[in-house]
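Following: one structure in structure tokens, then a few remarks.
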Ligand SMILES: [Zn+2]
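Numbering (the working numbering), first residue to last: 813 to 1268.
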């Protein structure tokens, strides 16, 4: 029996140093320094070179694929297992941090810094998992290719490019989500809806700036004195346990309603400010946009009213009215949907077009790709078993999510870790962190899972 956890701890200091090396490079997309060999800017290039340097130091064959991505080959078989991570990070608001954001500071058994959990730390965990199998001379039938891109946070153009130049591995995982293992990712789609309707008494209606977030605040501008609306609006707020207020603005009235934001892939956790505003406005306005939104979105984030509700092997289709802009009759809105893999574009749009046509609204959209790997497949089973072996967690099962990861860029690939159930690594937030013990455990899980999948 190989004690993978012990092998990981033997390499603990080396791993921490490698993560620090990578995290001390602020590899945020920088369009002002794009050039040949650095399509995402100078810092992404530096991070890519630093990762390749780590592979070279350890004696592995490395390749830089035109600055978009790179890989390190561990072992020399023809057949390949892929581990996909990313080296780019989202920007930081330094004033909100307790440590230097690009310091990768080690404190109280944790690393703090941008990228420690998303995704430089997990990438190094995957790298060491393969390195341990190699250093122990374990008999394998596949090589492991550690693949790292530089544009995951801004559309994964890195992997799209990489796979036009390099073959797909036979299978793989990406350590860029959560444990136990993600077997399904719904397809994402944004419906951009535009049109013109009669104003009635509604001058303006604004809510949300990003389609992938349930909008919290909604502002409505109406003709007429605030006295017309105040009593009924405040009563509505109190009835629905919402915050908000009424303002007098010259000869018109501004209403503000505050709901609760949430990620668009879990809209049921939020309170959509725009939708709740329209439900109120319908009692004081004949505006057709208000009617449309109230009729099709109120109290429904699963598309029942639009006639597109669907529950498949990955769960329910979800709907989020994410952005709403209305001024003097001109409508512009974005609806974000997360769609199970069984649903076709036609199923999605046929019924919806009838509703849109009635209100003379138009839409454009592009249905993204869904990912579905059979939960009973060898890949999912072995990844999950390795997770259970090191955590004794039989409660959390393989899951499907509404978000999208790198796994979608390659067939037979799923997201696997690195966040443990109930944990919070503060990804994309201030004070991003990862505990060293979690990191060690994740690496042992990766090594065990990888070995089970590639051994002779
Ligand atoms: Zn990530």
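Here a beta-carbon is modelled for each residue, glycine too, at the ideal position from N, C-alpha and C.
Nothing here was measured: the structure is a model prediction, and the numbers come from that model.
Taking only heavy atoms of ligand 1 into account, decide whether any of them is closer than 7 Å to the Cβ of residue 1236.
-> Within the chain shown, numbered from 1, the residue matching residue 1236 stands at position 424. False, no ligand heavy atom lies under 7 Å from that Cβ.
Every unbroken beta strand (DSSP E) within the stretch 1105–1172, with a cutoff of 3 residues, ordered by chain | For the stretch 1105–1172, whole beta strand (DSSP E) runs of length 3 or above, ordered along the chain, are 1130–1139, 1142–1151.
Verify the contact flag: residue 883, CB atom, against every heavy atom of ligand 1, threshold strictly below 7 Å.
-> On the chain shown, position 71 is the one that residue 883 refers to. No, since every heavy atom of ligand 1 falls outside the 7 Å radius drawn around the Cβ of residue 883.
In angstroms, rounded to a whole number, what distance separates the CA positions of residue 1130 and residue 1167?
-> The residue given as residue 1130 occupies position 318 in the chain shown. The residue given as residue 1167 occupies position 355 in the chain shown. So the alpha carbons of these two residues sit roughly 18 Å apart.
With a threshold of 16 other CB atoms inside 10 Å of the CB of residue 797, please say whether the residue is buried or exposed.
-> There is no way to answer for residue 797, as the model of the chain reaches only from 813 to 1268.
Quick one: measure Cβ to Cβ for residue 916 and residue 836, integer angstroms, because I've assumed they're closer than 8 Å.
-> Here residue 916 refers to the residue found at position 104 when the chain shown is read from its first residue. Here residue 836 refers to the residue found at position 24 when the chain shown is read from its first residue. Contact annotation, residue 916 with residue 836: C-beta distance approximately 6 Å; criterion of less than 8 Å satisfied.
Determine the direct distance from the alpha carbon of residue 992 to that of residue 1209, and round the result to whole angstroms.
-> Taking the first residue of the chain shown as position 1, residue 1209 is located at position 397. Taking the first residue of the chain shown as position 1, residue 992 is located at position 180. Straight-line Cα distance between these residues: approximately 6 Å.
Residue range of the alpha helix (DSSP H) that residue 1046 falls in?
-> Mapped onto the chain shown, residue 1046 falls at position 234. For residue 1046, the uninterrupted alpha helix (DSSP H) run begins and ends at 1039–1051, by DSSP.
Lining residues of ligand 1 - beta-carbon closer than 5 Å to any non-hydrogen atom, in sequence order = Checking every Cβ against the heavy atoms of ligand 1 under 5 Å gives 930, 931, 988.
Using the C-alpha atoms, what's the distance from residue 1091 back to residue 1108?
-> The residue given as residue 1108 occupies position 296 in the chain shown. The residue given as residue 1091 occupies position 279 in the chain shown. If you take the alpha carbons of residue 1108 and residue 1091, they lie about 11 Å apart.
Looking only at its own chain, which residues have a Cβ that is under 7 Å from the Cβ of residue 1243, when we skip the five neighbours before and after it?
-> In the chain shown, residue 1243 corresponds to position 431, counting from 1. Hits under 7 Å: 909, 910, 924.
Between the Cα of residue 1061 and those of 1038, 1048, 1043, spot the shortest distance and give me the residue it belongs to.
-> Along the chain shown, one-based indexing puts residue 1061 at 249. Checked all of 1038, 1048, 1043; the closest Cα to residue 1061 is 1038.
Where the alpha helix (DSSP H) through residue 885 begins and ends = On the chain shown, position 73 is the one that residue 885 refers to. Per DSSP, residue 885 lies in no alpha helix (DSSP H) segment; the continuous beta strand (DSSP E) that holds it begins and ends at 881–886.
If you check the beta carbons only, do residue 1068 and residue 1057 fall under 8 Å apart?
-> Position 256 of the chain shown, counted from the first residue, corresponds to residue 1068. Position 245 of the chain shown, counted from the first residue, corresponds to residue 1057. Cβ distance < 8 Å, so residue 1068 and residue 1057 count as in contact.
Nearest-angstrom Cα distance between residue 891 and residue 984?
-> Locating residue 891 in the chain shown gives position 79, counting from the first residue. Locating residue 984 in the chain shown gives position 172, counting from the first residue. C-alpha separation (whole angstroms): 12 Å.
Closest to residue 880 by CA distance: which of 960, 834, 818 is it?
-> Counting from one through the chain shown, the residue named residue 880 turns up at place 68. Closest option to residue 880, judged by alpha-carbon separation, among 960, 834, 818: 960.
What do you get for residue 1080, buried or exposed, if any count of 16 or more other CB atoms within 10 angstroms of its CB means buried?
-> One-based indexing of the chain shown puts residue 1080 at position 268. Exposed, because fewer than 16 other Cβ atoms sit within 10 Å of the Cβ of residue 1080.
Quick one: which unbroken beta strand (DSSP E) runs of 3-plus residues sit fully inside the stretch 1188–1240? Chain order, please.
-> 1211–1213, 1225–1227, all fully within the stretch 1188–1240.
So does residue 1194 have its beta carbon nearer than 7 Å to some heavy atom of ligand 2?
-> With respect to ligand 2, the structure shown offers nothing to examine, as its ligands consist of ligand 1.
Taking all protein chains shown into account, do 16 or more other C-beta atoms lie within 10 angstroms of the C-beta of residue 1172, making it buried, or fewer, making it exposed?
-> Within the chain shown, the letter at position 360 stands for residue 1172. Taking a 10 Å sphere around the C-beta of residue 1172, we find fewer than 16 other C-beta atoms and assign the residue as exposed.
Beta-carbon proximity list for residue 953, same chain, < 8 Å, skipping 5 on both sides = Locating residue 953 in the chain shown gives position 141, counting from the first residue. Close CB contacts of residue 953 within its chain, under the 8 Å cut and outside five residues either way in sequence, are with 889, 891, 1266, 1267, 1268 (chain order).
Give a yes or no on contact between the stretch 1255–1265 and the stretch 1194–1202, applying the rule of three or more CB pairs nearer than 8 Å.
-> Per the Cβ contact rule, the stretch 1255–1265 is in contact with the stretch 1194–1202 (3 or more Cβ pairs under 8 Å).
For the stretch 824–886, list the alpha helix (DSSP H) runs that are entirely contained and at least 4 residues long, ordered along the chain.
-> DSSP runs (the alpha helix (DSSP H)) wholly in the stretch 824–886: 824–835, 854–869.
When the Cα of residue 1066 is compared with those of 974, 893, 865, 1089, which residue comes out closest?
-> For this step, residue 1066 is matched to residue 254 along the chain shown. When each option's Cα is compared against that of residue 1066, the closest is 1089.
Distance, residue 1024 Cα to residue 1153 Cα = Here residue 1153 corresponds to residue number 341 of the chain shown, with the count starting at 1. Here residue 1024 corresponds to residue number 212 of the chain shown, with the count starting at 1. Near 19 Å, if we compare the C-alpha coordinates of residue 1024 and residue 1153.
Following the continuous alpha helix (DSSP H) through residue 819, name the residue where it begins and the one where it ends.
-> Your numbering for residue 819 matches position 7 in the chain shown. Unbroken alpha helix (DSSP H) run through residue 819: 816–822.
For residue 854 and residue 1121, the rounded distance between their alpha carbons = Numbered from 1 along the chain shown, position 309 holds the residue referred to as residue 1121. Numbered from 1 along the chain shown, position 42 holds the residue referred to as residue 854. Cα to Cα, residue 1121 sits roughly 45 Å from residue 854.
Name the DSSP beta bridge partners of residue 939, please?
-> Your numbering for residue 939 matches position 127 in the chain shown. Residue 939 pairs with nothing; no bridge assigned.
With respect to the beta strand (DSSP E) encompassing residue 1004, which residues constitute its N-terminal and C-terminal limits?
-> To locate residue 1004, count along the chain shown from 1; it is residue 192. Taken as a continuous stretch (DSSP letters only), the beta strand (DSSP E) holding residue 1004 covers 999–1008.
Through-space distance from residue 968 to residue 848, alpha-carbon basis = As a working mapping, residue 848 is identified with position 36 in the chain shown. As a working mapping, residue 968 is identified with position 156 in the chain shown. Taking the straight line joining both Cα atoms gives about 18 Å.
Hey, would you say residue 1101 sits closer than 8 Å to residue 1138, going by beta carbons?
-> Within the chain shown, the letter at position 289 stands for residue 1101. Within the chain shown, the letter at position 326 stands for residue 1138. Yes, these two residues count as a Cβ contact at 8 Å.
What do you get for residue 1170, buried or exposed, if any count of 16 or more other CB atoms within 10 angstroms of its CB means buried?
-> Taking the chain shown and counting its residues from 1, one reaches residue 1170 at position 358. With fewer than 16 other Cβ atoms from the protein chains shown falling within 10 Å of its own Cβ, residue 1170 counts as exposed.
Between which two residues does the beta strand (DSSP E) harbouring residue 1246 extend?
-> Here residue 1246 corresponds to residue number 434 of the chain shown, with the count starting at 1. Looking at the DSSP string, the run of the beta strand (DSSP E) that includes residue 1246 is 1245–1247.
Pick from 1222, 1226, 1219, 1181: whose alpha carbon is nearest that of residue 1189?
-> Taking the first residue of the chain shown as 1, we reach residue 1189 at position 377. Comparing C-alpha distances from residue 1189 to each of 1222, 1226, 1219, 1181 shows the shortest one belongs to 1226.
Does DSSP put residue 1075 in a helix, in a strand, or in coil?
-> Looking up residue 1075 in the chain shown gives position 263. In the structure shown, residue 1075 sits in a strand (DSSP, three-state: E or B).
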